[in-house]
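Asks:
2 protein chains.
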Amino acid sequence: MARRGRRPTMVDVARRAGVALRTVSRVVNDDVTVGAELVERVRAAIADLDYRPDERARHLRLGVTGTLGAAVRQLSHVNPVLRAVERAARAAGLMVLAASTEDDEKIERHVVESMCRRRFDGILLEPIGADHGYLVPELAAGLSLVAVDRPVLGLEVDCVLSDNMAGIETAFAHLVAHGHQRIAYIGDDERIYTAQERATAFRACVRAHGGASAHMIHTGPIMPERIQAALESALSGPDAATAIITGNATLSVEVVRRFRDRTDDVAIVGFDDSELATLLRPDLTVVAQDDAAIGDTAITMLRTRIADPSTPVRKVTVPVTLRARGSGETPPKS
Amino acid sequence: MARRGRRPTMVDVARRAGVALRTVSRVVNDDVTVGAELVERVRAAIADLDYRPDERARHLRLGVTGTLGAAVRQLSHVNPVLRAVERAARAAGLMVLAASTEDDEKIERHVVESMCRRRFDGILLEPIGADHGYLVPELAAGLSLVAVDRPVLGLEVDCVLSDNMAGIETAFAHLVAHGHQRIAYIGDDERIYTAQERATAFRACVRAHGGASAHMIHTGPIMPERIQAALESALSGPDAATAIITGNATLSVEVVRRFRDRTDDVAIVGFDDSELATLLRPDLTVVAQDDAAIGDTAITMLRTRIADPSTPVRKVTVPVTLRARGSGETPPKS
DNA sequence: CGGTATCGGGATAACGTTATCTCAATCGGC
DNA sequence: GCCGATTGAGATAACGTTATCCCGATACCG
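From first to last, the protein sequence lines are chains A and B.
The C-terminal residue of the first sequence carries number 453 in this note's numbering, and the numbering is unbroken.
The C-terminal residue of the second sequence carries number 453 in this note's numbering, and the numbering is unbroken.
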């Protein structure tokens, strides 16, 4: 059929069907102004040659690519939002192509710029780092971009975030309702936006609750020794914590790992749901993000912006849910 | 600078720099035959206008896109191979764009065909289902494709697989070496290639070992009730199993979940390593795939085929490693 | 000083589509 | 039976690049 090395083009199809190039285009695009007999001839030629339209040329001519880019922190990690994103995009007839930024500013920039040069219709970005200046000219040139999970600091860009503050407040209130007075927080590096927001919310809770203890809040990069030390600090002394809130799924794992062999009756509420939550004893109570809503919202916002770039910038906060499973309902031991 | 709505093109840059279109192209592509002064003028114009080359046009003209597609089962799941793939591709100056097939034959086909129409230089595919006939014309037209994790059944296509058989043999021998005589296997749906291969390997081990018990091997779609029943069957009666091999990471989770509250001293070896493995007590002994090697190999094979499509088809098997962590070293209880 | 390498850079033609314009043929109406 | 409207389909010009060709100017050599 097709000879190896070069794919057939519309010209080849037209020649074979004995029609004009333009007619092939019309058939391919289901233009109704082509006679039934010609349509048949062209279809046959397409099948004979295994013709496949070249989207590069289509997109160049059309101006749009029907493609959205997703620049996420790590493709190899679990990312439930991405599933919702792909679903919603497919329903809209758009293709999502994803790439990792590897939590590296250089790579993020490279990925986003590559997508821009490929003229993707829009980009979903989980922004990292502080300096997103490279985005300015792209946005000025008409790039449609929606930030997910974190905002693009310093730039007026659409974003969809989880309600981190409410999540921490909910967790805190839940523990208080179960009788806890001394609650500790183990969080991630506060240079990360979400970590910073959650830690801040926790501090506000402590203040509002009247309590205050320096050894009750520990944030910083995730390292086993640091977490070990933080737990030691929080759980020792006369005013030891009776409950712990962890700042994200990775920290939940690390903290739970430390508790594996202990029998302390410490209550735990984790931020972010995960597969691990129902593996533990008792099951882990978590504050869960609404992945589906985040993904759907992100795609909706992106499509809106693509359709009308003059749409006012929106910052949407998606509610979180507390899922009580046992670990957060343990009463204080003392 | 750039006026909103239309991105500047080479023509705009050329006009601004007062040079010919071709000269801008030369500067962009670092052609040495351009005088230093002109290079400067062109560079300035590019900066002024925030010019970004349109890769659609470049790719169309060049014939290649410098892009590899990765069609994986689920982007939202953990997929360590993908990280190695992205790394290796980046090192080679190629961009990897990934999309989910959602374990759905229809979607797989749609994704692969979309990548073909976009004229990606090559595709990495985790094939699902049985019928990959749609690939035949694409391959004939020169598509470079490498199957990962599973082969494309019925088609002569490059593939890189884990050594499933050796993995099961290693796990089995490990348990035998620790004194186990009655070993059970809980596996996934045998319509899945890897599940079928692992189950077959297990059956061979049982035969070679002289043992044989129908209630020792249970495969089928992953459903909690089925797994519960399988465990009941394997662990009851006078010839109850003293050790279990699980067929993949998901099954390890499900099985371990059942054991959470029991105190049976059953040894467990899981197929696939995961974050969960070191959360348990004792830590889970696993047969781990070499994700980095799989990813690197896949990219190397794909690049080789792209460079020379007449390269003979290769099927590479990557060794697996047993990671003894405790759960697989438990002696038989009786 | 004339002829020929050498070099820098411009005109023009692809790459494979789609959109605009044009035109021939058919049809209906008075 | 003639004219305007309608329909089907071809010629041609973009889209934004890169590659081929070519030409003018300088440099070098005999």
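Just so it is clear, CB atoms sit at the ideal spot from N, CA and C, and this is done for glycine as well.
Below 8 Å on the Cβ atoms is my guess for residue 183 (chain B) versus residue 240 (chain B); work out the distance and round it to an integer in Å.
Replies: As a first step, residue 183 (chain B) must be located in the second sequence, where it is residue number 64. As a first step, residue 240 (chain B) must be located in the second sequence, where it is residue number 121. Yes, they are in contact, since the Cβ atoms of residue 183 (chain B) and residue 240 (chain B) sit about 6 Å apart, within 8 Å.
Asks: In the DSSP assignment, find the unbroken alpha helix (DSSP H) run with residue 128 (chain A) in it and report its ends.
Replies: One-based indexing of the first sequence puts residue 128 (chain A) at position 9. Here residue 128 (chain A) belongs to no alpha helix (DSSP H), and DSSP marks it neither H nor E.
Asks: On the DSSP letters alone, give me the boundaries of the alpha helix (DSSP H) that residue 341 (chain B) sits inside.
Replies: Position 222 of the second sequence, counting from 1, holds the residue named residue 341 (chain B). Element bounds for residue 341 (chain B): n/a, residue is neither H nor E.
Asks: In the structure shown, what three-state DSSP assignment does residue 452 (chain A) receive?
Replies: For the purposes of this step, residue 452 (chain A) is taken as the residue at position 333 of the first sequence. Coil at residue 452 (chain A), not helix or strand.
Asks: Contact check, residue 406 (chain B) vs residue 313 (chain B) under 8 Å by CB: the rounded distance?
Replies: Numbered from its first residue, the second sequence carries residue 406 (chain B) at position 287. Numbered from its first residue, the second sequence carries residue 313 (chain B) at position 194. In fact, because the Cβ distance is near 12 Å, the residues do not count as touching under 8 Å.
Asks: Is residue 432 (chain B) near residue 281 (chain B), with beta carbons less than 8 Å apart?
Replies: Within the second sequence, residue 432 (chain B) is the residue found at index 313, counting from 1. Within the second sequence, residue 281 (chain B) is the residue found at index 162, counting from 1. Contact: no.
Asks: Once you ignore the five residues that flank residue 395 (chain B) on each side, which residues in its own chain have a CB closer than 8 Å to its CB?
Replies: Walking along the second sequence from the start, residue 395 (chain B) turns up at place 276. Closer than 8 Å at Cβ, skipping near neighbours: 368, 371, 372, 375, 403.
Asks: Mind listing which residues of the region 245-267 of chain A have their C-beta closer than 7 Å to chain B's C-betas, in chain order?
Replies: Under the 7 Å Cβ criterion, the region 245-267 of chain A contributes 256, 259, 260, 261.
Asks: Work out the CA separation of residue 148 (chain A) and residue 187 (chain B) for me, nearest whole Å.
Replies: Sequence index remark: in the second sequence, residue 187 (chain B) carries index 68 (1-based). Sequence index remark: in the first sequence, residue 148 (chain A) carries index 29 (1-based). Between residue 187 (chain B) and residue 148 (chain A), the C-alpha separation is close to 27 Å.
Asks: So, are the CB atoms of residue 361 (chain B) and residue 452 (chain B) less than 8 Å apart?
Replies: Taking the second sequence and counting its residues from 1, one reaches residue 361 (chain B) at position 242. Taking the second sequence and counting its residues from 1, one reaches residue 452 (chain B) at position 333. Yes, the Cβ-Cβ distance between residue 361 (chain B) and residue 452 (chain B) is below 8 Å.
Asks: Taking Cβ positions, are residue 164 (chain B) and residue 136 (chain B) nearer each other than 8 Å?
Replies: Counting from one through the second sequence, the residue named residue 164 (chain B) turns up at place 45. Counting from one through the second sequence, the residue named residue 136 (chain B) turns up at place 17. Closer than 8 Å, so yes.
Asks: May I have a chain-ordered list of the beta strand (DSSP E) segments no shorter than 3 residues that lie completely inside the region 241-306 of chain B?
Replies: Segments of the beta strand (DSSP E) lying fully in the region 241-306 of chain B: 241-244, 264-267, 277-281, 302-306.
Asks: Is residue 193 (chain A) helix, strand or coil when you go by DSSP?
Replies: In the first sequence, counting from the first residue as 1, residue 193 (chain A) sits at position 74. Coil, per DSSP.
Asks: In chain B, which residues lie with their C-beta within 7 Å of the C-beta of residue 430 (chain A)?
Replies: Residue mapping note: residue 430 (chain A) aligns to position 311 of the first sequence, counting from 1. Correct list: empty, because the minimum Cβ distance to chain B is about 13 Å.
Asks: Could you check what DSSP says for residue 175 (chain B) in three-state terms: helix, strand or coil?
Replies: Your numbering for residue 175 (chain B) matches position 56 in the second sequence. Residue 175 (chain B): helix per DSSP, three-state reduction.
Asks: Taking the CB atoms as reference points, tell me whether residue 211 (chain A) and residue 190 (chain A) lie closer together than 8 Å.
Replies: By 1-based counting over the first sequence, the position of residue 211 (chain A) is 92. By 1-based counting over the first sequence, the position of residue 190 (chain A) is 71. For residue 211 (chain A) and residue 190 (chain A), no; Cβs fall outside 8 Å.
Asks: For residue 388 (chain B), name the three-state secondary structure that DSSP assigns.
Replies: One-based indexing of the second sequence puts residue 388 (chain B) at position 269. Three-state result, residue 388 (chain B): strand.
Asks: In this structure, what does DSSP give as the bridge partners for residue 402 (chain A)?
Replies: As a first step, residue 402 (chain A) is located in the first sequence; it is residue number 283 there, counting from the start. Per DSSP, A:445.
Asks: Output yes if chain B places a C-beta closer than 8 Å to the C-beta of residue 148 (chain A); else output no.
Replies: As a working mapping, residue 148 (chain A) is identified with position 29 in the first sequence. Cβ-Cβ to chain B under 8 Å: no for residue 148 (chain A).
Asks: Distance, Cα to Cα, residue 330 (chain A) vs residue 353 (chain B)?
Replies: Along the first sequence, read from residue 1 onward, the residue named residue 330 (chain A) stands at position 211. Along the second sequence, read from residue 1 onward, the residue named residue 353 (chain B) stands at position 234. Their backbone Cα atoms lie some 54 Å apart in a straight line.
Asks: Anyone know if the C-beta pair for residue 255 (chain A) and residue 264 (chain A) falls short of 8 Å?
Replies: For the purposes of this step, residue 255 (chain A) is identified with residue 136 of the first sequence, where counting begins at 1. For the purposes of this step, residue 264 (chain A) is identified with residue 145 of the first sequence, where counting begins at 1. No, the pair does not count as a contact, with Cβ atoms beyond the cut-off.
Asks: I need the DSSP call for residue 165 (chain B), collapsed to helix, strand or coil.
Replies: Here residue 165 (chain B) refers to the residue found at position 46 of the second sequence. Residue state, collapsed to three classes: helix.
Asks: For a test of the three-state rule: what should DSSP assign to residue 182 (chain A), helix, strand or coil?
Replies: Numbered from its first residue, the first sequence carries residue 182 (chain A) at position 63. Coil.
Asks: Roughly how many whole angstroms lie between the Cα atoms of residue 273 (chain B) and residue 260 (chain B)?
Replies: The residue labelled residue 273 (chain B) in the question sits at position 154 within the second sequence. The residue labelled residue 260 (chain B) in the question sits at position 141 within the second sequence. If I take the Cα positions, the gap works out to 18 Å.
Asks: Measuring straight from C-alpha to C-alpha, what distance separates residue 146 (chain B) and residue 185 (chain B)?
Replies: Translated into positions along the second sequence, residue 146 (chain B) becomes position 27. Translated into positions along the second sequence, residue 185 (chain B) becomes position 66. Distance between the alpha carbons of residue 146 (chain B) and residue 185 (chain B): 20 Å.
Asks: Please state the DSSP three-state secondary structure of residue 440 (chain B).
Replies: Residue mapping note: residue 440 (chain B) aligns to position 321 of the second sequence, counting from 1. Strand at residue 440 (chain B).
Asks: Drop a sphere of 10 angstroms on the beta-carbon of residue 130 (chain A), count the other beta-carbons inside from all chains shown, and report buried for 16 or more, exposed for fewer.
Replies: As a working note, residue 130 (chain A) is residue 11 in the first sequence. Its Cβ having fewer than 16 others within 10 Å, residue 130 (chain A) is exposed.
Asks: In the DSSP assignment, find the alpha helix (DSSP H) that holds residue 371 (chain B) and state where it starts and stops.
Replies: As a working mapping, residue 371 (chain B) is identified with position 252 in the second sequence. From DSSP, the alpha helix (DSSP H) with residue 371 (chain B) extends over 368-378.
Asks: Based on Cα-Cα distance, which residue from B:430, B:159, B:450, B:418 lies nearest to residue 267 (chain B)?
Replies: Within the second sequence, residue 267 (chain B) is the residue found at index 148, counting from 1. The shortest Cα separation from residue 267 (chain B) among B:430, B:159, B:450, B:418 belongs to B:418.
Asks: List the endpoints of the continuous beta strand (DSSP E) containing residue 218 (chain B).
Replies: In the second sequence, counting from the first residue as 1, residue 218 (chain B) sits at position 99. Residues 214-219.
Asks: Quick check: the region 410-417 of chain A against the region 198-206 of chain A, are there 3 or more CB pairs under 8 Å?
Replies: Touching, per the Cβ criterion.
Asks: Determine, using beta carbons only, whether residue 231 (chain B) and residue 213 (chain B) come nearer to each other than 8 Å.
Replies: Working through the second sequence from its first residue, we reach residue 231 (chain B) at position 112. Working through the second sequence from its first residue, we reach residue 213 (chain B) at position 94. No; because the gap between Cβ atoms is not below 8 Å, this pair is not in contact.
Asks: Considering just the uninterrupted stretch of the beta strand (DSSP E) at residue 117 (chain A), what are its terminal residues?
Replies: Past the boundaries of the shown model lies residue 117 (chain A); chain A is included only from 120 to 453, so the question cannot be answered.
Asks: Let me check one thing: in DSSP terms, what residues is residue 347 (chain B) bridge-paired to?
Replies: Stepping through the second sequence from its first residue, residue 347 (chain B) is reached at position 228. Paired residues: none, contrary to the question.
Asks: Quick check: is the beta carbon of residue 215 (chain B) nearer than 8 Å to any beta carbon in chain A?
Replies: As a working mapping, residue 215 (chain B) is identified with position 96 in the second sequence. Interface residue, yes.
Asks: Keeping to the same chain, check which residues put their C-beta closer than 6 Å to that of residue 303 (chain A); ignore five residues upstream and five downstream.
Replies: Numbered from its first residue, the first sequence carries residue 303 (chain A) at position 184. Once the five neighbours on either side are set aside, the close Cβ partners of residue 303 (chain A) are 335, 353, 360, 363.
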